[in-house]
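Scroll down for the structure; my scribbles are underneath it.
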Amino acid sequence: MMIKEIFIVILLVAGCFFFLAGTLGLLRFPDLFSRLHALTNADNLGLGFIAAGIALYIASPWATVKIFFIWILTLLSSATSSYLIARFQREQEKSKNGEEE
Amino acid sequence: MDILIDSLLAILTIYLAFRCMLAPKLSKAVFVFFAFGLMLALAWIRLGAVDVAIAEAAIASGFMGVLMLDSLRDFSLIFSKNQERLEETASKIPIKKDSYHWTTALALGLGLILFLLISIQAIWEVPQGGGLTAIAEANLPMSGVEHPVTAVLLNYRAYDTWLEIGVILMGLLAIFAAGGLKQYRKPGLAPAQDPLLRKTILIFTPVLFLFGAFLLYFGKMGPGGAFQAAVLWGAIGILLHLGGWTVFTVIPRRMRQILVTIGLGFFMILGFTQMATGGAFFEYPPAYAGFLILVVETLAAISIAAALTAIFAFLTK
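Chains A and B, in that order, give the protein sequences.
The first sequence maps to residues 1 to 101 in UniProt numbering.
The second sequence maps to residues 1 to 317 in UniProt numbering.
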């Protein structure tokens with residue numbers, strides 16, 4: 001029991017650390033692409049750790065499956081949306097550069 | 001620990017509401033509104049009202065947010081044409097920093113104090129008997145469902161729910177009456193052609209459909225039901241629309257009209273049939289109540305989903 005609890009705490013703390021790092025990156029990084037990088041990388045990993053921790057904590061197979069699906073769907077949607085944001089920004093920059101030239 | 005989370009949530013909700021209202025830019029206001037909706041949904045979950053939380057997250061925050069984002073894009077396209085001129089005029093006019101008049105501040109302050117007093121009084125006099133919960137639960141076996149909230153919504157107070165579906169239809173009619181708003185499409189940029197976006201939407205479509213159906217059926221036993229399911233199904237329509245499949249506009253006109261009105265219509269016919277057979281308006285015979293409620297809910301969900309898709313489709317035409 002003790003070992004399980006220690007594992008849960010480690011996983012949750014790791015998740016929180018990644019969320020913190022991602023937020024810090026979002027606030028401190030200079031441009032949109034590096035911010036997106038910080039946000040998606042850190043948040044996906046952070047969410048993964050927290051989901052794993054919670055799944056261990058609840059310790060029921062069905063809940064674990066549900067949590068896993070939540071994580072997968074969040075991964076999918078956040079990856080796609082940040083790709084779309086990045087693409088939009090790139091196209092805008094391109095059209096701006098084209099106008100300047 | 002609980003009180004810590006709850007007070008943090010309360011403070012954040014009010015703070016975000018203020019930020020949303022006082023945001024200097026429209027885009028900022030819209031994004032703060034998303035965050036505000038999320039906080040509100042969490043608050044409903046903390047209060048134990050999962051139904052309201054799902055509806056809040058899906059309709060109030062999700063659907064409204066998408067509509068706002070969409071209109072934001074239109075505004076920015078309209079304004080980007082006039083922006084240079086606007087900036088010119090803006091630089092000529094000295095900007096008044098102190099735009100908060102003391103009358104506004106006084107009115108706001110008085111309103112806040114009044115609101116606080118009323119809420120303190122409301123908290124002070126919480127009804128001890130638990131309101132009508134006992135009666136609602138006592139009559140559950142006769143209602144045809146196993147969840148008190150669903151029983152209230154679709155059996156005891158079916159009249160309210162029927163009118164709510166009508167309200168959504170009225171909103172759609174108002175939008176039709178106002179006509180489509182879009183004339184400002186930016187040429188070139190067409191996210192609809194993006195292969196990755198289309199693929200993701202295709203992955204999400206069956207998941208959303210399944211989850212919506214689950215919420216619809218699960219409404220019998222737990223939080224969930226027609227409105228929550230309808231938003232998820234409506235989300236399918238909106239996503240497909242964003243991905244470039246104009247699903248709703250290719251359906252023949254008659255079919256569309258039937259889809260949008262079938263929920264309200266069937267509900268009404270059912271109510272009058274019950275009246276004709278000697279019962280009260282929306283008095284289900286207990287033996288068929290469960291089945292009838294499921295049919296009504298399914299049709300209502302289809303109708304609302306179609307209406308939500310139509311609102312989006314016709315605003316983005």
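Positions of the beta carbon are idealized from the N, C-alpha and C atoms, including for glycine.
Keep in mind that this is a model prediction, so the values were computed, not measured.
Query, Result
"According to the neighbour-count rule (16 or more other Cβ atoms, all chains shown, within 10 Å of its Cβ), is residue 143 of chain B buried or exposed?", "buried"
"Residue 207 of chain B versus chain A: which residues are under 9 Å apart at the beta carbon?", "69 and 73"
"Run through DSSP, which three-state label would residue 2 of chain B get?", "helix"
"Please look up how many angstroms separate the CB atoms of residue 215 of chain B and residue 232 of chain B, rounded, as I've assumed it's under 8 Å.", "7 Å"
"Could you tell me if residue 101 of chain B is buried or exposed, where buried requires 16 or more neighbouring beta carbons within 10 angstroms of its beta carbon?", "exposed"
"Using beta carbons (cut-off 8 Å, strictly below), is residue 203 of chain B in contact with chain A?", "yes"
"So residue 76 of chain A and residue 200 of chain B are supposed to be a Cβ contact under 8 Å. How far apart are they, rounded?", "6 Å"
"Between residue 5 of chain A and residue 38 of chain A, what straight-line distance do the alpha-carbon atoms span, to the nearest angstrom?", "29 Å"
"Measure the CB-CB distance between residue 35 of chain A and residue 47 of chain A and report whether it falls below 8 Å.", "no"
"In angstroms, rounded to a whole number, what distance separates the CA positions of residue 71 of chain A and residue 52 of chain A?", "9 Å"
"Give, in chain order, every residue of the stretch 251-263 of chain B whose Cβ lies closer than 9 Å to some Cβ of chain A.", "none"
"Are at least three pairs of beta-carbons, each pair with one atom in the stretch 162-182 of chain B and one in the stretch 236-251 of chain B, less than 8 Å apart?", "no"
"Alpha carbon to alpha carbon, how far is residue 234 of chain B from residue 375 of chain B? Give it in angstroms, no decimals.", "Lying before the first or after the last residue shown, residue 375 of chain B is absent from chain B, which here runs from 1 to 317."
"Is it right to say residue 186 of chain B is buried, meaning 16 or more other beta carbons lie within 10 angstroms of its own, or is it exposed?", "Confidence is the limiting factor: at residue 186 of chain B the pLDDT is only 44, short of 50, which leaves the residue's position unreliable, though a coordinate-based value still follows. Exposed."
"Between residue 158 of chain B and residue 282 of chain B, which are expected to be in contact by the criterion C-beta below 8 Å, what is the C-beta distance as a whole number of angstroms?", "4 Å"
"Please report how far the alpha carbon of residue 152 of chain B lies from the alpha carbon of residue 146 of chain B, in whole angstroms.", "11 Å"
"Please say whether residue 50 of chain B and residue 286 of chain B have beta carbons closer to each other than 8 Å?", "no"
"Can you tell me where the alpha helix (DSSP H) holding residue 118 of chain B begins and where it ends?", "102-124"
"Suppose you measure from the CA of residue 291 of chain B to the CA of residue 118 of chain B; what does that come to, to the nearest Å?", "43 Å"
"Compare the C-beta of residue 9 of chain B against all C-beta atoms of chain E and say whether one is closer than 8 Å.", "The displayed structure is made up of protein chains A and B, and chain E is not among them."
"Once DSSP output is grouped into helix, strand and coil, what is the label at residue 44 of chain B?", "helix"
"Please name the residue, chosen from B:56, B:269, B:301 and B:170, that lies closest to residue 226 of chain B on a Cα-to-Cα basis.", "B:301"
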